[in-house]
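As they're listed, the protein sequences go chains A and B.
So that you can map any letter, position 166 of the first sequence is 166 in UniProt numbering, and since no number is skipped, the others follow by simple counting.
So that you can map any letter, position 238 of the second sequence is 238 in UniProt numbering, and since no number is skipped, the others follow by simple counting.
Have a look at the structure below, then the notes.
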Amino acid sequence: MTGLLEAQEISVRYGSLAALDGVDLRIHDGQRHALIGPNGAGKTTLLNVLGGSTRPQRGTVRFDGRDVGRLGPAARARRGINRIHQRPAVFPTLTATENVVVAALPRVVPRRRWWPGGRRRAAQRTAGPLLDQMGLTAVAAVPAGHLAHGQRRQLEIAMALAGRPRLLLLDEPAAGLSAIEVGRLVELLQALPRAVAVLLVEHRLDLVYALSDTVTVLRDGQTLAAGTPDEIRTSPLVRQAYADGVA
Amino acid sequence: MRGEVIRRVRGGIAALVLVGLVVAPWVVDDYTTAILSRTLALALVGVSVALLTGVAGMPTLGQTAPYAAGAYACAVVGSRVSDVGVVQLAVAAAAGALLAALTVPLVVHARGVIVLMITLAIGELVVIVLGRWRSVTGGTDGLAGIPAVRPFWGLPALADDQARYLYALVVVATLVGAVLVLLRTRAGLVLRAGRDDETRLRASGHRVALHLSGAHIAAGAIAGAAGSLLVVAQQYISPADFGFDTSALLLLGVVIGGTASVGGALVGAALVIAVRDWLFGVLPGHAPLVLGALFVATVYLLPTGVNRARGRLRPPGAPALQPDQPALHEQATVAELHR
Ligand SMILES: Nc1ncnc2c1ncn2[C@@H]1O[C@H](COP(=O)(O)OP(=O)(O)O)[C@@H](O)[C@H]1O
Ligand SMILES: [Mg+2]
Chain A
1 MTGLLEAQEI
11 SVRYGSLAAL
21 DGVDLRIHDG
31 QRHALIGPNG
41 AGKTTLLNVL
51 GGSTRPQRGT
61 VRFDGRDVGR
71 LGPAARARRG
81 INRIHQRPAV
91 FPTLTATENV
101 VVAALPRVVP
111 RRRWWPGGRR
121 RAAQRTAGPL
131 LDQMGLTAVA
141 AVPAGHLAHG
151 QRRQLEIAMA
161 LAGRPRLLLL
171 DEPAAGLSAI
181 EVGRLVELLQ
191 ALPRAVAVLL
201 VEHRLDLVYA
211 LSDTVTVLRD
221 GQTLAAGTPD
231 EIRTSPLVRQ
241 AYADGVA
Chain B
1 MRGEVIRRVR
11 GGIAALVLVG
21 LVVAPWVVDD
31 YTTAILSRTL
41 ALALVGVSVA
51 LLTGVAGMPT
61 LGQTAPYAAG
71 AYACAVVGSR
81 VSDVGVVQLA
91 VAAAAGALLA
101 ALTVPLVVHA
111 RGVIVLMITL
121 AIGELVVIVL
131 GRWRSVTGGT
141 DGLAGIPAVR
151 PFWGLPALAD
161 DQARYLYALV
171 VVATLVGAVL
181 VLLRTRAGLV
191 LRAGRDDETR
201 LRASGHRVAL
211 HLSGAHIAAG
221 AIAGAAGSLL
231 VVAQQYISPA
241 DFGFDTSALL
251 LLGVVIGGTA
261 SVGGALVGAA
271 LVIAVRDWLF
281 GVLPGHAPLV
291 LGALFVATVY
301 LLPTGVNRAR
311 GRLRPPGAPA
321 LQPDQPALHE
331 QATVAELHR
């Protein structure tokens, strides 16, 4: 079985700092993989490399059997790599519904291909249920810039799902959410179609254990450990890293 | 409730303005009617400026370039090929679109003030070419004696200023209606999204450069069509019609009108042009100075335009702006100048 995503020997330097130093990552179709590690470990940088917004100095990224290293974020999104950002990124003057419609447009399949407005209508049809799932129906007509932080985050998740992802890159999706919102997020991620692979960056280990089949631990730009959640939980190396780092 | 009232009031004002525009040529003299026709043409260029500056987030000082291309194409066709209005309009729009398409590589990858500088340079270059290419453009003397237009095959030629004015009014209303429809489609939505956050748009898989190119070419076509209306209004054109002062005034008018609003752009551009024409009469020689001061005052005192009230209106039940969020109407107008 080959991977959906295969990243090899990824290195990113910022001046003298090695944000990533020879990191390998492989994710299969439908796999739920968590990426953990202390602040500054390089987690966001790795998502940037996979999403196409950062070019690594070294290393290759293959998606669905093809080298996507030269593709930018838009082309990768069209191939099915979608992400949410550590700081929620939404279109502030567009309503919540319009945000989801815009995100859905590039990969939407209209009923009649050459019918004027067909894509828009098809995108519109996907928006309602997604907003409903994220508990945003009541604010569907509110400009996203007026939404509270937690709502904006949930909106961005709805937008990522609207892009019909094959691989979902989630950068700390629970940060800033209320307990109720976190509960809804966990349910939603557990209910994702089995074909959707997820790479989850998360500080809260309870969420990591609830949502992932495999875990990679990064530290100082290098892979410290990789394995099942149980293996990671009991690894002395990881305990040590977390004792030195944040939590 | 309040939104409903404001919508009614706006609708009422729009209807009044429209009635005023239709009866205007019978109230004022012929000379003023001709000036009003020219103002309509410039207001249409203002709409194309608003489309780029406010909707697509590409502030421009160069819409006089496709405007000139359309006007000269129309003048040449009108003198030598056809006096039919729709033909001239189509040729002028195509010329404007073509010029815009040629300059796409220069503008779509630039942002903010850089776009202003590049578009300014394009506009000036076009004026220089118009002055030099005598065999076609008549050089600095311009082209005169262009025959009166007939709107459609079989219709009579428009012999007086009133008729020409009404022709311009119908064309402007039709094209503005088309722009408003366009903005309600997927294209308009994606353009607004790109103005908000281009990186986010890209992350969703949109080809941002393609969308911006399309907007640029569409705006070029509109400005080109406006050029054909200038020819109808004046039956004479010269490079002086397309100078930098015109670009600057249009941008000023669009900023006053609230950049992203098509109606605001029409009113703002028309207002500024009218003030200029009036100032030239009462303050000969000093008009540019007064207008320059007006520009500076507008940008500093009124960064949000006449439409700021819109941004203030919150949808029912929406929470107030977050403290860390810049106010929405500011994002819509000032932000794109700094993007
Ligand atoms: N654009 C950048 N310029 C310079 N340094 C950066 C940049 N982005 C990230 N870094 C540095 O790279 C390291 C890894 O950052 P990041 O990937 O954001 O870590 P994490 O998401 O794991 O907290 C940090 O030391 C950070 O300061
Ligand atoms: Mg991070």
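Glycine included, C-beta positions come from ideal geometry on N, C-alpha and C.
Quick caveat: nothing in here was measured; it's all calculated off a predicted structure.
For T137(B), count neighbouring C-beta atoms within 10 Å of its own C-beta (all shown protein chains included) and say buried if the count is 16 or more, exposed if not. Numbered from 1 along the second sequence, position 137 holds the residue referred to as residue 137(B). Around the beta-carbon of T137(B), 16 or more other beta-carbon atoms lie within 10 Å, marking it buried.
Which bits of chain A does D197(B) rub up against, with CB to CB less than 7 Å? Position 197 of the second sequence, counted from the start, is the residue given in the question as residue 197(B). Near D197(B) (Cβ distances below 7 Å), the residues of chain A are A89 and F91.
Have a look at T44(A) and V49(B) and give me their C-alpha separation to the nearest angstrom. Along the first sequence, read from residue 1 onward, the residue named residue 44(A) stands at position 44. Along the second sequence, read from residue 1 onward, the residue named residue 49(B) stands at position 49. Each residue's alpha carbon lies about 39 Å from the other.
Classify I114(B) as buried or exposed, calling it buried when 16 or more other Cβ atoms lie within 10 Å of its own Cβ. Against the second sequence, residue 114(B) aligns to sequence position 114. Per the 10 Å Cβ criterion, exposed.
Bridge partners of V198(A), per DSSP? As a first step, residue 198(A) is located in the first sequence; it is residue number 198 there, counting from the start. V198(A) pairs with R32(A) and L168(A).
Residues, ordered as in the chain, of the region 93-115 of chain A that lie near chain B by beta-carbon distance below 9 Å: T93, L94, T95, E98, N99, V101, V102, A103, A104, L105, P106 and R107
Considering only residues of the same chain and omitting the five flanking positions on each side of A225(B), which have a CB-CB separation below 8 Å? Here the question's residue 225(B) lines up with position 225 in the second sequence. Here the set comprises L44, G70, L89, A92, A93, G96, V171 and L175.
Does any residue of chain A bring its CB to less than 8 Å from the CB of L254(B)? Position 254 of the second sequence holds residue 254(B). The amino acid at residue 254(B) is misidentified as Leu; the sequence shows Val. False, the Cβ-Cβ gap to chain A never drops below 8 Å.
If we cut at 8 Å on Cβ distances, does G163(A) have a partner in chain B? Within the first sequence, residue 163(A) is the residue found at index 163, counting from 1. Judged by the 8 Å Cβ criterion, G163(A) is in contact with chain B.
Assuming A56(B) and G194(B) form a contact by the criterion Cβ under 8 Å, report the distance between their Cβ atoms to the nearest whole angstrom. Along the second sequence, read from residue 1 onward, the residue named residue 56(B) stands at position 56. Along the second sequence, read from residue 1 onward, the residue named residue 194(B) stands at position 194. About 7 Å; that satisfies the 8 Å criterion.
How would the residue list near ligand 1 read, in chain order, if you kept each one whose beta-carbon is closer than 6 Å to any heavy atom? Any heavy atom of ligand 1 counts here; residues with a Cβ closer than 6 Å to one of them, in chain order, are Y14(A), L17(A), A19(A), G37(A), N39(A), G40(A), A41(A), G42(A), K43(A), T44(A) and T45(A).
With 8 Å set as the bound, which would you pick, yes or no: does the beta-carbon of V259(B) sit closer than that to a beta-carbon of chain A? Taking the first residue of the second sequence as 1, we reach residue 259(B) at position 259. The question names Val, but residue 259(B) is Thr in the sequence shown. So no, T259(B) is outside the interface.
Could you give the residue range of the alpha helix (DSSP H) that holds Q235(B)? Reading the second sequence from its first residue, position 235 is the one you call residue 235(B). Element bounds for Q235(B): n/a, residue is neither H nor E.
By how many angstroms is the C-alpha of L131(A) removed from the C-alpha of V140(A)? Reading the first sequence from its first residue, position 140 is the one you call residue 140(A). Reading the first sequence from its first residue, position 131 is the one you call residue 131(A). Strictly speaking, residue 140(A) in this sequence is Ala, with Val absent from that position. Those two C-alpha atoms are separated by around 7 Å.
Check whether the region 135-154 of chain A and the region 118-125 of chain A touch, using three or more Cβ-Cβ pairs below 8 Å as the test. no
Rounded to the nearest angstrom, what separates P151(B) and G227(B) at their Cα positions? One-based indexing of the second sequence puts residue 151(B) at position 151. One-based indexing of the second sequence puts residue 227(B) at position 227. One C-alpha to the other measures close to 15 Å.
Cβ-heavy atom distance, Q86(A) to ligand 2, below 7 Å: On the first sequence, position 86 is the one that residue 86(A) refers to. Checking every heavy atom of ligand 2 against the Cβ of Q86(A), one is found closer than 7 Å.
Which residue marks the beginning of the alpha helix (DSSP H) containing S48(B), and which one marks its end? Translated into positions along the second sequence, residue 48(B) becomes position 48. D30 to A50 is the span of the alpha helix (DSSP H), which, as asked, contains S48(B).
Nearest neighbour of H216(B), chosen from S238(B), V19(B), G12(B) and G54(B) [CA to CA]: Locating residue 216(B) in the second sequence gives position 216, counting from the first residue. Comparing Cα-Cα distances from H216(B) to each of S238(B), V19(B), G12(B) and G54(B), the minimum goes to G54(B).
Neighbour list for A77(A) in chain B, Cβ cutoff strictly below 7 Å: Against the first sequence, residue 77(A) aligns to sequence position 77. Chain B residues near A77(A): A203, S204 and G205.
Using a 10 Å radius around the Cβ and a threshold of 16 neighbouring Cβ atoms, would you call A7(A) buried or exposed? Mapped onto the first sequence, residue 7(A) falls at position 7. With 16 or more other Cβ atoms within 10 Å, it is buried.
Minimum Cβ-Cβ distance from E9(A) to chain B less than 8 Å: For this step, residue 9(A) is matched to residue 9 along the first sequence. So, not an interface residue.
Beta-carbon proximity list for L189(A), same chain, < 6 Å, skipping 5 on both sides: As a first step, residue 189(A) is located in the first sequence; it is residue number 189 there, counting from the start. L211.
Secondary structure at P284(B), three-state DSSP: helix, strand or coil? Here residue 284(B) corresponds to residue number 284 of the second sequence, with the count starting at 1. Three-state DSSP puts P284(B) in coil, outside helix and strand.
Touch test, the region 96-113 of chain A against the region 195-211 of chain A, Cβ-Cβ under 8 Å, three pairs minimum: no
With a threshold of 8 Å between beta-carbons, can L189(B) be considered close to chain A, or not? For this step, residue 189(B) is matched to residue 189 along the second sequence. Yes, L189(B) lies at the interface with chain A (some Cβ there is under 8 Å from its Cβ).
Going by DSSP in three states, F242(B) sits in which element: helix, strand or coil? Here residue 242(B) refers to the residue found at position 242 when the second sequence is read from its first residue. Three-state DSSP puts F242(B) in a helix.
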